[in-house]
Amino acid sequence: MLNLLITLNEDSILIEAMYLGLNEYYDQSFSLINQVLSKNPTSIKAYLLKAVILDYRMDDYGNNIGEDEFFECIDKVIKFSSSLLQSENRAEGYFFIGSAYALRAFRYGKKGIYAPILSDIINGIDYLNKALEINKELYDAYLLLGLYNYASDQFPSFVKFILRTGDTKKRKKLGIEQLEIAAQKSRYVNDLTKYALLEIYYRERMYNKAYETGKELIQKYNHSRNIRWIYGKSLRALGKWEEARVVYEELLYLILDTRDFDKYQIVLSSYYTALSYYTLGKYEEAYQFLNFAYVVILENLNVKELLKLKPRVENLMKNLERYKG
0 MLNLLITLNE DSILIEAMYL GLNEYYDQSF SLINQVLSKN PTSIKAYLLK AVILDYRMDD
60 YGNNIGEDEF FECIDKVIKF SSSLLQSENR AEGYFFIGSA YALRAFRYGK KGIYAPILSD
120 IINGIDYLNK ALEINKELYD AYLLLGLYNY ASDQFPSFVK FILRTGDTKK RKKLGIEQLE
180 IAAQKSRYVN DLTKYALLEI YYRERMYNKA YETGKELIQK YNHSRNIRWI YGKSLRALGK
240 WEEARVVYEE LLYLILDTRD FDKYQIVLSS YYTALSYYTL GKYEEAYQFL NFAYVVILEN
300 LNVKELLKLK PRVENLMKNL ERYKG
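Start counting the sequence shown at 0; every next residue gets the next number (numbering that gives the first Met the number 0).
Structure (structure tokens):
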């Protein structure tokens, strides 16, 4: 009974840590995770969640800060889960180990490093499938299985050959179906899966689904920059420019408040705010945001990423010149 109460308390803390992490309150999220680890240094769920949030933060910040700790967490998940394979909780053991392998493979894949990921992909998929063979209702496993199947057509040819991916179009369809199951039925990763689906729906030009998913996520995670970037693209694709204007303006102020050193994100969010105002026929407001973006570029001409945005900003500025005054 005591062990059950401890587990329930740990779960509630980690669920809150997941919420804070996806809402990009990273320090608070890690504080809760470390609180769990201070009481239970072998908590598999805590290490797995820490790896997930570290990966999410690296994507958000566009850097590799925290990558060494990410790999350490993955190693600990695999180490501490091994004993579960001989217990009545072996389905969870397979799930944890499979998730760890899959997360590490995806981390390498994002970096374009494919040689080390082959064994991780094979092991990850094998362990996750074994977990589902034992417990068909372990729907959390469908998140990483779904991502693997969806992403299989993006693998280099030699990886596809070794993994025998087969018809990648069918795999993509299966992957989306698996992700939708995880979004609806998983115990822990439903919102994380919806975030993945938001990006996939946009890529697949399923804009209405992206719109509904993004709208739901923004209401819950109203501090998130990551969600706004993808949601904003979906709104533009649907021609919902007033909603896009709100999203990009909020995004700009969030970046200025939390990441004022990231000049690229400042310029890009300011540009899309200006573009939204321009499309809505509000030219004075558009000029204010565009001029702000242009000033940031001129003050940081040594930043290559900003120089790539400069022609786009200047083209919109030329169009706005006709409406000034």
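In this text, a Cβ means the ideal position worked out from N, Cα and C, and glycines have one as well.
Within the continuous alpha helix (DSSP H) that includes residue i, where are the two ends?
{"i": "M57", "result": "I43 to Y60"}
{"i": "Q177", "result": "T167 to K184"}
{"i": "E71", "result": "E66 to S80"}
{"i": "M394", "result": "The structure shown does not extend to residue 394, since the chain is modelled only from 0 to 324, so the question has no answer here."}
{"i": "F260", "result": "Segment: none, F260 is in no alpha helix (DSSP H) and carries neither H nor E."}
{"i": "L325", "result": "The question about residue 325 has no answer, for the chain in this structure spans 0 to 324."}
Beta-carbon within less than 7 Å of residue i's beta-carbon, same chain only, minus the 5 sequence neighbours each way: which residues are those?
{"i": "F69", "result": "A50, L53, D54 and R106"}
{"i": "I254", "result": "R224, D261, Q264, I265 and S268"}
{"i": "R311", "result": "Y270"}
{"i": "K232", "result": "Y201"}
{"i": "Y220", "result": "L21, N22 and I226"}
{"i": "A182", "result": "N189, T192, K193 and L196"}
{"i": "E91", "result": "L83"}
{"i": "I229", "result": "L197, E198, Y201 and G213"}
{"i": "A236", "result": "Y206"}
{"i": "Y100", "result": "D119, N122, G123 and Y126"}
{"i": "N63", "result": "M57"}
{"i": "K184", "result": "Y138"}
Tell me, please, whether the CB atom of residue i is closer than 8 Å to any CB atom in chain D?
{"i": "V295", "result": "Of the chains in the structure shown, none is chain D; there is only one protein chain."}
Tell me which residues share the same chain as residue i and place their Cβ nearer than 6 Å to its Cβ, disregarding the 5 neighbours each side in the sequence.
{"i": "Y93", "result": "Y126, K129 and A130"}
{"i": "K208", "result": "Y200"}
{"i": "R227", "result": "V246 and L250"}
{"i": "A273", "result": "A285, F288 and L289"}
{"i": "I43", "result": "V76, F79, S80 and F95"}
{"i": "Y46", "result": "C72, K75 and V76"}
{"i": "S28", "result": "A16, L19, G20 and I52"}
{"i": "P115", "result": "Y107"}
{"i": "N8", "result": "none"}
{"i": "K309", "result": "I296"}
{"i": "F291", "result": "S269"}
For residue i, which residues from the same chain have a beta carbon less than 8 Å from its beta carbon, with the 5 sequence-adjacent residues on both sides left out?
{"i": "E66", "result": "L53, M57 and R106"}
{"i": "K10", "result": "Note that residue 10 is Asp in the sequence shown, not Lys. Same-chain partners within the cutoff: K44."}
{"i": "L305", "result": "K262, Y263, V266, V295, I296 and N299"}
{"i": "R170", "result": "N148, Y149, S151, D152 and T164"}
{"i": "L146", "result": "A101, F105, G174, L178 and A195"}
{"i": "E87", "result": "none"}
{"i": "Y282", "result": "Y276, L319, Y322 and K323"}
{"i": "R204", "result": "A236"}
{"i": "E313", "result": "Y293"}
{"i": "T257", "result": "E23 and R224"}
Between the beta-carbon of residue i and the beta-carbon of residue j, is there less than 8 Å?
{"i": "L48", "j": "I73", "result": "no"}
{"i": "E241", "j": "L279", "result": "yes"}
{"i": "H222", "j": "Y25", "result": "no"}
{"i": "Q332", "j": "L137", "result": "Because the chain in this structure spans residues 0 to 324, residue 332 falls outside the shown range and cannot be described."}
{"i": "Y277", "j": "L319", "result": "yes"}
{"i": "L173", "j": "N148", "result": "yes"}
{"i": "L19", "j": "L36", "result": "no"}
{"i": "D139", "j": "V188", "result": "yes"}
{"i": "Q34", "j": "I14", "result": "no"}
{"i": "R321", "j": "S275", "result": "no"}
{"i": "R186", "j": "I133", "result": "no"}
{"i": "L141", "j": "I175", "result": "It should be pointed out that residue 141 corresponds to Tyr in this sequence rather than to Leu. Their beta carbons are not under 8 Å apart, which means Y141 does not touch I175 by this criterion."}
{"i": "L234", "j": "Y210", "result": "yes"}
Length at least 4, wholly inside the segment 96-145: the alpha helix (DSSP H) runs in chain order
116-133
Quick test of the definition: if touching needs 3 or more C-beta pairs under 8 Å, does the segment 183-193 touch the segment 205-219?
yes
I'd like the ranges of any alpha helix (DSSP H) spanning at least 4 consecutive residues and lying wholly in the segment 195-282.
206-219, 224-237, 240-257 and 262-278
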